[in-house]
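**Q**
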Amino acid sequence: MKQTSIKKRTSASSLKQPAAIIGAGIAGIATAVRLALKGHAVTVFEAQESFGGKMYQFELPGAYRFDAGPSLFTLPQLVDDLFRLAGRDPQDHFRYERLDPITHYFFADGTRLKAWADEERFAAEVEEKMGVPAADVLSFLRRSASAYEATESTFLHKSLHKAATYLSPEVLRAVAALPGLGLTGTMHQRHAKAFNDPRLVQLFDRFATYNGSDPYQAPATLSLIPHLEHGIGAFYPVGAFIALPKASWGWPKSWEWSFATMSP
Ligand SMILES: Cc1cc2nc3c(=O)[nH]c(=O)nc-3n(C[C@H](O)[C@H](O)[C@H](O)COP(=O)(O)OP(=O)(O)OC[C@H]3O[C@@H](n4cnc5c(N)ncnc54)[C@H](O)[C@@H]3O)c2cc1C
4 MKQTSIKKRT SASSLKQPAA IIGAGIAGIA TAVRLALKGH AVTVFEAQES
54 FGGKMYQFEL PGAYRFDAGP SLFTLPQLVD DLFRLAGRDP QDHFRYERLD
104 PITHYFFADG TRLKAWADEE RFAAEVEEKM GVPAADVLSF LRRSASAYEA
154 TESTFLHKSL HKAATYLSPE VLRAVAALPG LGLTGTMHQR HAKAFNDPRL
204 VQLFDRFATY NGSDPYQAPA TLSLIPHLEH GIGAFYPVGA FIALPKASWG
254 WPKSWEWSFA TMSP
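If you read the sequence shown in our numbering, its first letter stands for residue 4, the second for the next number, and so on.
#1: Checking 8 Å against the spacing of the C-beta atoms, do M190 and L225 come in under that value?
#2: What does D200 pair with, by DSSP beta-bridge criteria?
#3: Provide the residue span of the alpha helix (DSSP H) that contains Y169, from first to last.
#4: Name the DSSP beta bridge partners of T189, please?
#5: Can you tell which of L247, A243, S251 has the C-alpha that lies nearest to the C-alpha of Y67?
#6: Output yes or no for whether 8 Å exceeds the beta carbon distance between L227 and Y151.
#7: Can you name the residues that DSSP bridges to R115?
#8: Is T224 near ligand 1, going by C-beta to nearest heavy atom under 7 Å?
#9: Over what stretch of residues does the alpha helix (DSSP H) that includes Q94 continue unbroken?
#10: Taking the continuous alpha helix (DSSP H) assigned at D139, which residues delimit it?
#11: Just grab the DSSP bridge partners of F86 for me.
#12: DSSP state of P182, grouped into three classes?
#13: So F69 is in the beta strand (DSSP E); what residue range does that whole segment cover?
#14: First and last residue of the alpha helix (DSSP H) that includes R37?
#15: Let me check one thing: in DSSP terms, what residues is Q80 bridge-paired to?
#16: Give a yes or no on whether the C-beta atoms belonging to E122 and H194 are separated by under 8 Å.
#17: Taking only the alpha-carbon atoms, compute the straight-line gap between V241 and S162 and give it to the nearest angstrom.
#18: Taking the beta carbon of F238 as the centre, do at least 16 other beta carbons fall within 10 Å, making it buried, or is it exposed?
#19: Could you please give the first and the last residue of the uninterrupted alpha helix (DSSP H) stretch that includes R101?
#20: Do you know offhand how far G42's Cα is from K19's?
#21: Cutting at 6 Å between CB atoms, please list the residues of its own chain near L231, excluding the five before and the five after it.
#22: Based on Cα-Cα distance, which residue from A166, S149, A197 lies nearest to A1?
#23: Can you tell me which of the three DSSP states Y239 falls into?
#24: By DSSP, does T13 sit in helix, in strand, or in coil?
#25: Would you kindly check if the distance between the Cβ of G26 and the Cβ of G55 is under 8 Å?
#26: Ignore the nearest five residues each way along the sequence and tell me which others in A246's own chain have a CB closer than 7 Å to its CB.
And the structure:
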């Protein structure tokens, strides 16, 4: 097992309680950085030889490289935040580009669709290729945006394990807004109600994969996910996803990393 220590150049006496993190995936790396910035001496234990967890890459003979895990980057500002917290310019360490088109959809009946970054262009593409009115697509995406804005601060930025989260006025406002947004029932029911075309229902059902859910069972609140790609933007790291763990590897020079190999 690889053991990595991260500590800020702080005198030993000013360090707070030491912290141990199991796993150097993006969650472990982000937590290590945040704890180290607070003055804890952090040790990350990783079973694999390299960082990144599911964000790894494999190569085939020739010039072929494949991302084995994530392939689409949403909410990149959360990664930028890590660098800024450490007083660094993220652009010096890690870059990404907005995708347009975001993705290409291929259907069994031969239909091909480009998911353009611009919502209106995407809606026009759906109307042209599927005959679904662009206004229906835009109305659906605007509802996704409203649901996202009503729930983001509570469900993305606060701990769901703290009672205080549930007692805040924001949560009450978010819960009160949900029925008006048509977010009762399952994700699939929500999409089937919004669109008559089964291909479009299937397209929006696929957003359940964001957290490994089944759209036939997952709650309709997850229909806010398309807003991440179509409203906020879909990105891809320069140098592929492996660039992210690599950037943390060569973490800013004011950090000390040390490596030790331990038996599992
Ligand atoms: C095929 C695929 C496609 C995906 N596509 C996307 C996408 O397009 N966009 C997106 O945002 N997300 C995507 N994801 C999800 C994303 O990759 C994960 O949510 C994220 O990488 C998980 O990070 P993590 O740190 O929580 O866990 P992991 O990356 O799983 O890291 C956990 C680490 O802990 C280590 N570990 C576990 N147990 C121990 C132990 N006992 N001792 C020591 N080390 C241990 C593991 O070796 C691993 O390195 C995809 C995932 C997969 C698999």
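Glycine included, C-beta positions come from ideal geometry on N, C-alpha and C.
**A** Per the coordinate set shown:
#1: In contact: M190 and L225 (Cβ atoms closer than 8 Å).
#2: According to DSSP, D200 bridges with nothing at all.
#3: Where Y169 is concerned, the enclosing alpha helix (DSSP H) stretches over 166-169.
#4: P222, per the DSSP bridge assignment.
#5: With distances taken between CA atoms, Y67 lies nearest to A243 out of L247, A243, S251.
#6: The Cβ atoms of L227 and Y151 sit closer than 8 Å to each other.
#7: Here R115 is bridged, per DSSP, to F109.
#8: It does not: the Cβ of T224 is nowhere closer than 7 Å to a heavy atom of ligand 1.
#9: Here Q94 belongs to no alpha helix (DSSP H), and DSSP marks it neither H nor E.
#10: It spans 137-158 - the alpha helix (DSSP H) in which D139 sits, taken as one unbroken run.
#11: F86 pairs with nothing; no bridge assigned.
#12: Residue state, collapsed to three classes: helix.
#13: Its beta strand (DSSP E) spans residues 67-70.
#14: Here the alpha helix (DSSP H) through R37 covers 29-40.
#15: Paired residue(s): none; Q80 is not in a bridge.
#16: Judged by beta-carbon spacing, H194 lies beyond the 8 Å limit of E122, meaning their Cβ atoms are not closer than that value.
#17: Those two C-alpha atoms are separated by around 31 Å.
#18: With a 10 Å radius around the Cβ and a threshold of 16 neighbouring Cβ atoms, F238 comes out buried.
#19: Note, R101: premise wrong, no alpha helix (DSSP H); beta strand (DSSP E) at 99-101.
#20: Going by the C-alpha atoms only, they are around 6 Å apart.
#21: The residues are T77.
#22: Nothing about residue 1 can be reported from this structure: the residues present for the chain run from 4 to 267 only.
#23: If DSSP states are grouped into helix, strand and coil, Y239 belongs with the strands.
#24: Residue placement at T13 is flagged as unreliable, the pLDDT there being 48, under the threshold of 50; the coordinate-derived value follows with that caveat. In this structure, T13 counts as coil in the three-state DSSP scheme.
#25: No, Cβ-Cβ distance for G55 and G26 is not below 8 Å.
#26: Annotation for A246: F97, P240 place their beta carbon closer than 7 Å to its own, counting only its chain and skipping 5 residues before and after.
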